[in-house]
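Peer 1: This is the structure I want to talk about, given as C-alpha cells.
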Amino acid sequence: MKRFYLVLFLLLCCFTQGQESAPIQVISPLTYDGENQNWAIEEGDNGYMYLANNHSILSFDGERWSKYGTPNGSVIRSLAFDGKRLYAGCYMEFGYWERNEQGALIYTSLTKLLEDSLLEDEEFWNIQVVDDLVLFQSFSRILLFNPDKESIEEIPAEVNRAAIFELADGLYYQVKNKGLYVWNKSGSKLLIPENVIGKQAVVSFIEKDGSKQAILDNGERVVFGADGTAKGLENPFSFLGPVSIYCSYRLKDGGILLGTIANGLLQLNSQGHFVKQISIKQGLQDNTVLSLTEDSKGNIWVGHDKGISIINRNSFFKEYIDKEGEIGVVYTSIWFNNQLYLGTNQGLYVAENGVKGGTDFRLIPNTEGQVWSLQVLQDQLFCGHHKGTFLITNSTAQQVASIPGTWLVKAIPENEDVLIQGNYTGLAILRKVNGEWSFERKLDGFDISSRFLAFVNPKTLWVNHEYKGVFKLQLDAALTNVTQLYHQEQMGYGSSIFKFDNQLRYATNNGVFTITNGPEPFVLDTTLTRIFQETKNTNLSIVLEDDQQERIWRLGDQSIMYVEPGKINNEYKLQTIPIATTLRKNLGVSGFENIRSTKKNEYLLGTSNGYVVLDLAAVKPVEYKINFKSAWREYFDANANPLALDSTIIVPYKDNKLRFAYTVPNYDKYTEVFYQYKLENFHTDWSKWTNESQVSFENLPFGTYTLQVRAKVGDTLTENTLQIPFVIQRPWYWSYAAMVFYFFTLLILGTFIHRTYRAYYKKQQEKLLKQNALEEKRKKNKAKRKLVQLTNEKLKQEIDAKNRELAVATMSMIKKNEFLNVLKNRLANAENPTQVKSVIRLIDKNINNEDDWKLFEEAFNNADKKFLKKIKEKHPELTANDLRLCAYLRLNLTSKEIAPLLNISIKSVEVKRYRLRKKMNLEHDANLTEYILNI
0 MKRFYLVLFL LLCCFTQGQE SAPIQVISPL TYDGENQNWA IEEGDNGYMY LANNHSILSF
60 DGERWSKYGT PNGSVIRSLA FDGKRLYAGC YMEFGYWERN EQGALIYTSL TKLLEDSLLE
120 DEEFWNIQVV DDLVLFQSFS RILLFNPDKE SIEEIPAEVN RAAIFELADG LYYQVKNKGL
180 YVWNKSGSKL LIPENVIGKQ AVVSFIEKDG SKQAILDNGE RVVFGADGTA KGLENPFSFL
240 GPVSIYCSYR LKDGGILLGT IANGLLQLNS QGHFVKQISI KQGLQDNTVL SLTEDSKGNI
300 WVGHDKGISI INRNSFFKEY IDKEGEIGVV YTSIWFNNQL YLGTNQGLYV AENGVKGGTD
360 FRLIPNTEGQ VWSLQVLQDQ LFCGHHKGTF LITNSTAQQV ASIPGTWLVK AIPENEDVLI
420 QGNYTGLAIL RKVNGEWSFE RKLDGFDISS RFLAFVNPKT LWVNHEYKGV FKLQLDAALT
480 NVTQLYHQEQ MGYGSSIFKF DNQLRYATNN GVFTITNGPE PFVLDTTLTR IFQETKNTNL
540 SIVLEDDQQE RIWRLGDQSI MYVEPGKINN EYKLQTIPIA TTLRKNLGVS GFENIRSTKK
600 NEYLLGTSNG YVVLDLAAVK PVEYKINFKS AWREYFDANA NPLALDSTII VPYKDNKLRF
660 AYTVPNYDKY TEVFYQYKLE NFHTDWSKWT NESQVSFENL PFGTYTLQVR AKVGDTLTEN
720 TLQIPFVIQR PWYWSYAAMV FYFFTLLILG TFIHRTYRAY YKKQQEKLLK QNALEEKRKK
780 NKAKRKLVQL TNEKLKQEID AKNRELAVAT MSMIKKNEFL NVLKNRLANA ENPTQVKSVI
840 RLIDKNINNE DDWKLFEEAF NNADKKFLKK IKEKHPELTA NDLRLCAYLR LNLTSKEIAP
900 LLNISIKSVE VKRYRLRKKM NLEHDANLTE YILNI
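In this text, residue positions in the sequence shown follow numbering that gives the first Met the number 0: the first is 0, and each later residue adds one.
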C-alpha cells in the first residue's frame with residue numbers, strides 16, 4: 000500500500016506541474032488595502048463577501064472594497080451570516096454587524112447579555128448558525144445566542160480546536176481530554192472517548208454507507224459506529240508527506256475542501272476520494288489556507304496567510320498558467336493519440352496524459368524554436384517549424400524537409416502520396432516513398448510566402464498573403480511548376496482563406512467573400528459579413544477553421560464567436576461567448592490566434608503564458624442581480640455625506656451634487672460587468688455601456704427623478720433594473736411659500752400697476768381728450784380765423800371796392816367842382832353878367848350840393864366805419880365842416896384837392912386846417928394828417 004501511495008505521489012508531482020484548473024484569481028493585500036491574514040470568509044446579503052482580515056472586516060461587492068474596524072481593536076477570528084446579521088467573534092468581544100439606512104455596517108456588542116463576564120483572554124474562533132441559534136465557540140465554551148429572545152446560554156466545552164460539525168443526527172464537537180460529543184434533541188453526550196479517537200483534532204466528517212469518517216488534522220481518518228467503536232484508516236495524503244490541515248468546508252455537491260498549512264488546498268469528492276490538490280503551482284496566492292467558503296455562484300473563496308484566492312469552480316473555462324515561462328507563447332495545439340501537443344515560440348511540447356491527465360509538459364528534442372502549425376495527415380502528425388517540416392512519432396521529431404519556415408502542410412486532393420508545403424518562399428512538394436516522407440522539390444514559378452492555402456481541385460489552389468493579396472495558381476502535371484492564373488490585390492487586413500459550408504471563403508476585416516469560378520471571383524457573403532459586424536466587436540482576429548466541426552471561429556475584444564449552419568435549415572447561427580478584456584489581450588499574438596478542438600465541445604485556445612480550455616457544454620446563462628450600493632451628497636469644500644437607501648432620496652437644491660454607486664457581485668475571472676443608466680425626466684436614451692459602477696449628477700433642475708440602472712454580465716442582462724427615485728428640492732426662491740409670496744406680491748403689484756396704468760391711461764386719455772378738444776378748438780379757431788380772414792378779405796375787398804367807389808366819387812366831385820369853378824371863373828368874365836350870374840348861382844349850388852356830401856359820407860362810412868364816430872367822441876366840439884375836412888384828410892387828400900370839394904380856396908383850406916389843429920389841441924410840431932390817419 001505504501002508503494003501505491005509513493006507511486007501516486009510521484010504521479011501527482013508531475014500532475015501538479017501541468018494540471019489544468021478552474022480559473023483562479025489572486026488578490027493581494029495591496030489590492031484590498033488591508034492586512035495579510037484572512038481568518039474567516041462569509042457571503043452576506045446581495046452576494047457581498049465579508050472577510051475577517053485581522054483587525055478589520057473587509058466587505059467586497061464585486062467592484063469596491065470597504066473596511067470596518069473592530070470595536071476593541073483586536074483580531075477578528077470568526078464570521079457567520081444568518082440572513083440578516085453578520086456575526087463576528089474576536090478577542091474578548093463578540094457581536095454582530097448590521098447595515099444602516101445608508102448601507103454602512105454598524106456594530107452591536109452581545110457581551111452585555113452575558114450573566115457573567117467574559118473569561119480571561121477568551122477569544123471566539125468559531126461561529127455557526129444552527130436553526131434559530133447562533134453558536135459562538137471559544138477554546139473554553141460554546142455560547143448559544145437566541146436572536147429572538149436576546150438571550151445567551153452556555154455549554155462548557157474546552158477544546159484544542161474550535162470546530163462544530165453539523166451532521167444528519169446532530170452537532171458534533173470535540174472536547175479536550177474527553178473525546179467526541181454529539182448534541183441533538185436528546186441533549187449532549189460523549190460519542191467516542193479520546194483514548195479511542197486520539198488527541199488529533201477532527202477537521203471534517205464524511206458520511207458514507209451509513210457510517211461516519213472523521214478526518215483528522217494530520218490527514219488520517221477514523222471510521223466509527225453508533226456503538227462508540229472506532230477504527231483507524233490509512234492516511235490518503237501520505238504521498239504528500241506530513242500534512243497539517245487547518246480548516247475544512249463542505250461544498251454544496253457534498254465534496255469537501257481541506258485547507259492546509261503548507262500544501263494548499265486538497266479536494267475530496269462526496270465519497271471522500273481524493274480529487275486534486277490546488278497550490279501555488281496551480282495559481283493560488285499562498286499555500287497556507289486559513290479559511291474557506293463557497294458563494295452562491297459556486298466560487299470557492301480561499302483566505303490565506305497572505306491575501307485571497309477565488310476559484311471559479313463552475314466556469315466554462317479551465318486554464319493552464321505557465322508561471323515559470325517554460326513553454327512560452329502557444330501558437331498552435333493538437334490532441335493526437337491521447338496526447339496534447341503545444342507548438343510555441345520555444346518549441347514543440349507534449350503532455351503524456353494531456354488535458355485529462357495533466358502531466359508536466361516536455362520539450363520534444365530537435366524542435367527548439369518557433370512552431371507554426373500542427374496537422375494530422377494520413378494519421379501522422381506533421382509539425383510546421385521555423386527550421387522546416389517535422390514528422391512527430393512517439394514524442395520524437397524526424398525532420399522531413401529542411402527548407403526554412405514551414406507555415407503549414409496540406410494534402411493534395413486525390414493524391415495520397417504527395418503533400419504540399421507552404422513556406423516563407425513559396426510552395427514545396429513532400430512525397431511518400433516506400434512509406435517514408437521526404438522533401439522532393441520547391442515549386443517553380445511562385446516565390447511568395449504561403450501561410451494560407453486551399454485547393455479548388457487537385458491542380459488548382461488559392462494562396463493568400465496578408466499584404467500582397469490573393470493568388471490563384473495552377474499546378475502542372477509533374478508537380479514541378481505553378482502558373483499564376485489570377486491575382487487579387489489586398490482587400491483588407493487580418494485575412495485568411497478557409498472552407499466553410501462546402502464553399503471556399505476569403506475573409507478580412509472588411510467582410511467575408513465567397514470565392515467562385517465566375518468572372519468576379521470574390522463575391523461578398525452578406526450574411527456572414529453582417530453576422531460578424533453586428534457583434535460590434537473590435538480587434539477581430541482572423542477567421543479560424545474548425546477541423547472537427549462544421550464551424551468557423553473568430554475572436555473579438557469582448558467575446559469568442561463561432562458560426563455554424565443550422566441543423567434543419569441552411570441559416571447560419573452565431574454563438575457568442577463573452578470574455579474579459581484581460582483574456583482577449585492574452586490570447587496570443589495578433590494575427591496568430593489559435594483555437595483547436597481537443598474533444599467534442601472542448602476547445603483549447605493558446606495564450607501568451609499557457610492556454611485555456613473552453614467547454615461549450617458548460618456555457619450556460621447565469622442569473623445576476625444588480626444592487627444599489629450607496630448614494631452620496633458631495634460638496635466642493637467638505638467630505639461627502641451618505642444618504643439613506645431605503646426611501647426616496649431628498650436633496651436640497653443648494654447641495655445638488657449626487658453620486659450613486661451600484662454593483663453586480665460577479666467574481667468570475669473571465670467575465671466582465673458593464674453598466675448602463677438612464678435618468679427619467681432628464682434623459683431620453685440609455686447611456687453607453689461602461690464598466691464604471693457609479694454615476695454623478697450635478698446642478699440638476701429641481702424636480703422628481705428616477706435613476707434607472709441595468710447591467711450585463713458578459714452578454715446576459717441582469718434579472719432586475721434598479722429604480723432609484725430621488726427629489727431635488729425647490730430652491731428657496733421657488734418654494735411653495737415663496738410661490739405664494741410671489742403670487743400675492745405679483746397680485747398686489749399687478750393691482751398697483753393696473754391702477755397706476757389705469758390712472759395713467761385715464762390721465763393720458765383726459766390729456767388726449769383735452770388735446771383733442773384743444774386741437775378741435777384750435778381747428779375751430781383756425782377755421783374761424785380762416786373765416787374771419789376770409790370775411791376780412793371779403794370786407795377788405797368790399798372796403799377796397801368802397802374806397803375805389805369813394806375815390807372815384809371823390810375824384811368825380813373834385814373834377815366836377817374843378818370843372819364848375821373853371822366854368823364859373825370864365826363865366827364871371829363874360830360880357831352879359833345878368834345871364835351869367837344865374838348860371839354862376841346854379842354852379843355854386845352844384846358845387847355845395849349836400850347830396851354829394853351825403854353820398855360821400857355814406858361811401859366814407861362804408862369804407863372807414865366808426866371814424867367819424869371816434870373823432871366825434873374824441874373831439875365833440877368839431878362842426879360838420881370840421882368833420883368833412885377830417886374825412887378828406889383821412890383820405891390823405893392835399894389842401895389843393897380839398898379846396899374844390901369845399902368850394903374854397905387853398906388858403907382857406909389851410910386856415911381850416913389851422914383852426915382844426917387848434918380845436919384838437921395838437922402840438923405845434925404834430926402833423927395833422929398823421930394824427931387823423933392814426934385814429
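For every residue, glycine included, the Cβ atom is placed at its ideal position computed from N, Cα and C.
Applying the criterion that 16 or more other CB atoms from any shown protein chain within 10 Å of the CB defines a buried residue, is Gln276 buried or exposed?
Peer 2: buried
Peer 1: Taking contact to mean 3 or more Cβ pairs, one atom from each stretch, closer than 8 Å, check whether the region 328-335 and the region 367-386 are in contact.
Peer 2: Yes: at least three Cβ pairs fall under 8 Å.
Peer 1: Following the continuous beta strand (DSSP E) through Ile594, name the residue where it begins and the one where it ends.
Peer 2: 594-598
Peer 1: Can you tell me whether Lys761 is helix, strand or coil according to DSSP?
Peer 2: helix
Peer 1: Compare the Cα-Cα distances from Ser449 to each of Asn298, Ile496, Ile897, Asp654 and report the closest residue.
Peer 2: Ile496
Peer 1: Let's test the definition: count the other Cβ atoms within 10 Å of the Cβ of Met48 and tell me whether it reaches 16, buried, or not, exposed.
Peer 2: buried
Peer 1: Enumerate in chain order the residues of its own chain whose CB-to-CB distance from Leu10 is below 6 Å, with the five nearest sequence positions on each side excluded.
Peer 2: Note on Leu10: pLDDT 39, under 50, position unreliable in the model; the coordinate value appears next. Listed in chain order, the non-local C-beta contacts of Leu10 below 6 Å within the same chain number zero, local neighbours out to five positions each way being set aside.
Peer 1: Note down, one range per segment and in chain order, each alpha helix (DSSP H) of at least 4 residues found wholly within the region 676-761.
Peer 2: none
Peer 1: If we ignore side chains and look at the alpha-carbon of each, how far apart do Tyr704 and Val663 end up?
Peer 2: Cα to Cα, Tyr704 sits roughly 23 Å from Val663.
Peer 1: Which of helix, strand or coil does DSSP assign to Thr526?
Peer 2: In the structure shown, Thr526 sits in a helix (DSSP, three-state: H, G or I).
Peer 1: Using three-state DSSP, classify Tyr67 as helix, strand or coil.
Peer 2: In this structure, Tyr67 counts as strand in the three-state DSSP scheme.
Peer 1: Would you list the residues sitting across from Val329 in a DSSP beta bridge?
Peer 2: Thr343
Peer 1: Which same chain residues end up closer than 6 Å to Glu282 when comparing Cβ atoms and leaving out the 5 residues on each side of it in sequence?
Peer 2: In the sequence under discussion, the amino acid at residue 282 is Gly, which differs from the Glu named in the question. Contacts found: Ile23, Ile320.
Peer 1: Would a C-beta distance cut-off of 8 Å place Tyr674 and Ala710 closer than the cut-off?
Peer 2: Cβ atoms of Tyr674 and Ala710: closer than 8 Å.
Peer 1: Using CA atoms only, rank isn't needed, just tell me which of Gly749, Leu527, Ile648 is closest to Ile723.
Peer 2: Ile648
Peer 1: Who are the Cβ neighbours of Ser295 in its own chain at under 7 Å, not counting the five residues just before and after it?
Peer 2: Glu42, Gly46
Peer 1: Could you say which of Val174, Ala162, Asn262, Gln796 lies nearest to Ala156 if we only look at CA atoms?
Peer 2: Val174
Peer 1: May I have the straight-line CA-CA distance separating Glu100 from Ser646, to the nearest angstrom?
Peer 2: 9 Å
Peer 1: Can you tell me the Cα-Cα spacing of Asp475 and Glu533, whole angstroms?
Peer 2: Those two C-alpha atoms are separated by around 43 Å.
Peer 1: By how many angstroms is the C-alpha of Leu892 removed from the C-alpha of Asn820?
Peer 2: Taking the straight line from one Cα to the other gives about 19 Å.
Peer 1: Could you give the C-beta distance for Asp304 and Leu289, rounded to a whole number, given that I count them as a contact under 8 Å?
Peer 2: 6 Å
Peer 1: Assuming Asn160 contacts Ala200 under a Cβ cut-off of 8 Å, what Cβ separation, rounded to an integer in Å, is found between them?
Peer 2: The sequence shown places Arg at residue 160, rather than the Asn named in the question. Indeed, because the Cβ distance is near 4 Å, the residues count as touching under 8 Å.
Peer 1: When you compare each of Thr606, Ser607, Thr720 to Tyr661 by their alpha carbons, which one comes out closest?
Peer 2: Checking every option, the nearest Cα to that of Tyr661 belongs to Thr720.
Peer 1: Check for me: the alpha helix (DSSP H) holding Phe866 runs from which residue to which?
Peer 2: 866-873
Peer 1: Could you compute how far the alpha carbon of Gly88 sits from the alpha carbon of Arg76?
Peer 2: 6 Å
Peer 1: Excluding five sequence neighbours on each side, which residues of the same chain lie with their C-beta closer than 8 Å to the C-beta of Leu484?
Peer 2: Thr459, Lys471, Leu472, Gln473
Peer 1: Where does the unbroken beta strand (DSSP E) through Ala87 begin, and where does it stop?
Peer 2: Run containing Ala87: 85-89, per the beta strand (DSSP E) assignment.
Peer 1: Which residues in the same chain have their Cβ closer than 6 Å to the Cβ of Ser695, if we skip the five residues on either side of it in sequence?
Peer 2: Arg658
Peer 1: In this structure, how does DSSP classify Ala898 when only helix, strand and coil are distinguished?
Peer 2: helix
Peer 1: Report the rounded CA-to-CA distance for Ile411 versus Ser20, giving the unit in angstroms.
Peer 2: 40 Å
Peer 1: According to DSSP, is Gly353 helix, strand or coil?
Peer 2: Confidence is the limiting factor: at Gly353 the pLDDT is only 39, short of 50, which leaves the residue's position unreliable, though a coordinate-based value still follows. Residue state, collapsed to three classes: helix.
Peer 1: Buried or exposed: where does Phe742 fall if 16 or more other Cβ atoms within 10 Å of its Cβ makes it buried?
Peer 2: exposed
Peer 1: Between the Cα of Tyr86 and those of Asn125, Phe59, His54, spot the shortest distance and give me the residue it belongs to.
Peer 2: Asn125
Peer 1: What runs of the beta strand (DSSP E), each 3 residues or longer, lie entirely inside the region 488-513?
Peer 2: With a minimum length of 3 residues, the continuous beta strand (DSSP E) runs that stay inside the region 488-513 are 495-499, 502-507.
Peer 1: What number of angstroms, rounded off, separates the C-alpha of Thr366 from the C-alpha of Gln397?
Peer 2: 9 Å
Peer 1: What's the C-alpha gap between Val511 and Arg504?
Peer 2: 7 Å
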